[in-house]
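One structure below.
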Amino acid sequence: MSNDATALSLIRQSLSSAIPAKINDAETAKDAWDELYGMCDQAYKQTKESSSEFENKSSDDKSEERTTMRDASYGDII
17 MSNDATALSL IRQSLSSAIP AKINDAETAK DAWDELYGMC DQAYKQTKES
67 SSEFENKSSD DKSEERTTMR DASYGDII
């Protein structure tokens, strides 16, 4: 068995059944690895984007809360 075939076999064995069949259809270890990398990279980018959106919304909410509290305090003084 060649190194490529061994590597491909190990990649396939280490994956859960939730991984798409594209990996099982790969002819070389590089094909399988490239597909996995693409899937992980896409998931990473989506997570990063969602995290940024959450942080921006959270920051906006805190800013709005501070403004509301400041306005309420100012109104109490007048």
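Just so it is clear: in the sequence shown, position 55 is 71 by this note's numbering, and no numbers are missing.
In this text, a Cβ means the ideal position worked out from N, Cα and C, and glycines have one as well.
Grouping DSSP H, G and I as helix and E and B as strand, with all else coil, what is residue 20?
helix
Simplified DSSP assignment, three categories, for residue 68:
helix
Measure the Cβ-Cβ separation of residue 42 and residue 48 and say whether it is below 8 Å.
yes
Please report the straight-line C-alpha distance between residue 21 and residue 62, rounded to a whole angstrom.
32 Å
Where residue 48 falls: helix, strand or coil (DSSP)
helix
Using only the alpha-carbon positions, how far apart do residue 38 and residue 65 sit?
26 Å
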